[in-house]
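K.L.:
Sequential numbering from 1 applies to the sequence shown in the UniProt record's numbering.
In this text, a Cβ means the ideal position worked out from N, Cα and C, and glycines have one as well.
Since we're looking at a predicted model, the values are computed, not measured.
Quick one: structure below, then a few questions.
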Amino acid sequence: MLHRIGRDRVVYDMSPEHKPVLEVSPGDTVIVETEDCFCHRIVLESQTVGGDFDFTHVNPATGPIAVKGAMPGDTIVVSIESIELDSQGVVETCPFWGPVSNVSRECVTEIVKIDGNFMSFLGERIEIKPMIGVIGNSPAEGSVSCTTPGSHGGNLDTKDIAAGSRVYLPVFVKGGNLSLGDVHARMGDGEVGGTGVEIRALVRLSVDIDKMPVESPTVETEEAFYLLFSAKTLEEASRGAVKRAIEFISDWKSIPAERAYMLTSITCDLMISQVVNPLVTVRVRVPKEIL
Numbered sequence: 001m002l003h004r005i006g007r008d009r010v011v012y013d014m015s016p017e018h019k020p021v022l023e024v025s026p027g028d029t030v031i032v033e034t035e036d037c038f039c040h041r042i043v044l045e046s047q048t049v050g051g052d053f054d055f056t057h058v059n060p061a062t063g064p065i066a067v068k069g070a071m072p073g074d075t076i077v078v079s080i081e082s083i084e085l086d087s088q089g090v091v092e093t094c095p096f097w098g099p100v101s102n103v104s105r106e107c108v109t110e111i112v113k114i115d116g117n118f119m120s121f122l123g124e125r126i127e128i129k130p131m132i133g134v135i136g137n138s139p140a141e142g143s144v145s146c147t148t149p150g151s152h153g154g155n156l157d158t159k160d161i162a163a164g165s166r167v168y169l170p171v172f173v174k175g176g177n178l179s180l181g182d183v184h185a186r187m188g189d190g191e192v193g194g195t196g197v198e199i200r201a202l203v204r205l206s207v208d209i210d211k212m213p214v215e216s217p218t219v220e221t222e223e224a225f226y227l228l229f230s231a232k233t234l235e236e237a238s239r240g241a242v243k244r245a246i247e248f249i250s251d252w253k254s255i256p257a258e259r260a261y262m263l264t265s266i267t268c269d270l271m272i273s274q275v276v277n278p279l280v281t282v283r284v285r286v287p288k289e290i291l
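Dropping the structure here:
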C-alpha cells in the first residue's frame, strides 16, 4: 500500500511521548515530505541564523511513522527508493561552527540552485548526491533532539544514507516510531562547516521488520555494510564502530574475534560521518566481497 505524509507533521525530538501520525504495514511504501533543517526560514542570502533565530526549531523530522508488528528488540529496515529535491537549498556557516572556528566573523548564507542532477555553487556546476541527514526511531525513554545522533539513529549525517540503500534501525518502542528529515543535496564526510546543502525533499521509501536485532544504526548498499557509532569524542566513536565491525565479521564468518580484527584492519575503512553535532558519528565500511 502507498502512503504519504506531509512536511507539516514534524517533530524536533525523538521520544516515546510522540504519538504516530501514520501507521503502516511491513512492505508498505511511504512518500515522506521533508522540511529543510532551518524550517525553510532561510531562502535568501540576506537571511542567516544569526540574531533572533530560533534554535529550538531546527532539524525537523517528518513523523513518527509506526510499523505494525514492530516490537522492542526488532529491527526496522528502511529501503530508500528515491530522493526528489526542491529547486533550491542553502549552505550556512557561522563563527565557532566545525573544527576551524575562526574562519567566519559572522554567519554567512549561500543559496544553491538545483538544476537536474547538478547544483550551482558560486558559479560552479557540481553534481548533486542527495542523502538523508536525520533518520531514526524513538528511544526507549526520554527525549533526544533531532540535532543529536545515537543508537536510535537521529542526526547521523551519513552520506551513504541515500537512494538505493537500506537503513537498519533498532526498535525500542512498539511500532518503532520512525521519523526522518534534514535532507542534503550534497554533503562531504565530516560536514565540517556545519551544514550540507540543506534542502526540502520528497523521500520515497518502504519499510519492513527484521527479527535480528542491531545494536546501532547500520546501512547496507550494493557493495558494503556500514556500521555506525556515535559518541562524545572521535576516539570513543571510532572504538565503538570498530568493535561493531569485529563482532559483525566474527559472527558472519564464524571466526575468532582476533582473526576478525585482522580482517577488519586489512579490508575495512574507518570513516567519519560528521564532527559537528553534539555527538560525533563514525562508520566502518565492511565490503561484501569479504563476507
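Indicate the three-state DSSP secondary structure (helix, strand or coil) for S273 in the structure shown.
P.N.:
Position 273 of the sequence shown, counting from 1, holds the residue named residue 273. Three-state DSSP puts S273 in a strand.
K.L.:
Give me, in chain order, the residues of the same chain whose beta-carbon lies closer than 6 Å to that of residue 293; leave out the 5 immediate sequence neighbours on both sides.
P.N.:
This structure does not reach residue 293, given that the chain is present from 1 up to 291, and the question cannot be answered.
K.L.:
Taking three-plus beta-carbon pairs below 8 Å as touching, is the region 162-174 in contact with the region 235-250?
P.N.:
no
K.L.:
Exposed or buried, which one is L180 when buried takes at least 16 other CB atoms within 10 Å?
P.N.:
If you number the sequence shown from 1, residue 180 lands on position 180. When all chains shown are included, L180 counts as buried.
K.L.:
Inspect the CB distances between the region 146-157 and the region 114-126 and report whether three or more fall short of 8 Å.
P.N.:
no
K.L.:
With 16 as the cutoff for other CB atoms within 10 Å, does residue 339 come out buried or exposed?
P.N.:
The chain is shown from 1 up to 291; residue 339 falls before or after that span and cannot be answered.
K.L.:
Using 8 Å as the threshold, is the region 227-234 in touch with the region 65-74, meaning 3 or more CB pairs across them?
P.N.:
Short answer: they don't touch.
K.L.:
Leaving out the 5 sequence neighbours to the left and right, which residues in its chain are closer than 7 Å to N155 when beta-carbon positions are compared?
P.N.:
The residue given as residue 155 occupies position 155 in the sequence shown. Cβ neighbours of N155 beyond the five flanking positions: N59, G133, V134, C146, T147, T148, P149, D182 and N277.
K.L.:
When the Cα of A66 is compared with those of V100, V24 and E141, which residue comes out closest?
P.N.:
Here the question's residue 66 lines up with position 66 in the sequence shown. The shortest Cα separation from A66 among V100, V24 and E141 belongs to V24.
K.L.:
According to DSSP, simplified to helix, strand and coil, what is T196?
P.N.:
Taking the first residue of the sequence shown as position 1, residue 196 is located at position 196. The residue you asked about is not Thr; residue 196 is Gly in the sequence shown. Reduced to three states, the DSSP call for G196 is coil.
K.L.:
Tell me the residue span of the alpha helix (DSSP H) that contains A140.
P.N.:
In the sequence shown, the residue the question calls residue 140 occupies position 140. From DSSP, A140 is part of no alpha helix (DSSP H); its letter is neither H nor E.
K.L.:
Is S273 near R259, with beta carbons less than 7 Å apart?
P.N.:
Sequence index remark: in the sequence shown, residue 273 carries index 273 (1-based). Sequence index remark: in the sequence shown, residue 259 carries index 259 (1-based). Judged by beta-carbon spacing, R259 lies beyond the 7 Å limit of S273, meaning their Cβ atoms are not closer than that value.
K.L.:
Take the Cβ of S216 as the centre, count every other Cβ of all protein chains shown within 10 Å, and call the residue buried at 16 or more, exposed below.
P.N.:
As a first step, residue 216 must be located in the sequence shown, where it is residue number 216. So S216 ends up on the buried side.
K.L.:
Using a Cβ-Cβ cut-off of 7 Å, state whether G154 counts as contacting chain D.
P.N.:
Going by chain labels, chain D is absent from the structure shown, which holds only one protein chain.
K.L.:
How should T56 be labelled, buried or exposed, when 16 other C-beta atoms within 10 angstroms of its C-beta is the threshold for buried?
P.N.:
Residue numbering aside, residue 56 sits at position 56 when the sequence shown is read from its first letter. Exposed, by the Cβ-count rule.
K.L.:
Strictly by DSSP, which residues pair up with L169?
P.N.:
As a first step, residue 169 is located in the sequence shown; it is residue number 169 there, counting from the start. Per DSSP, I76.
K.L.:
Kindly indicate which three-state DSSP category D115 falls into: helix, strand or coil?
P.N.:
Looking up residue 115 in the sequence shown gives position 115. In the structure shown, D115 sits in a strand (DSSP, three-state: E or B).
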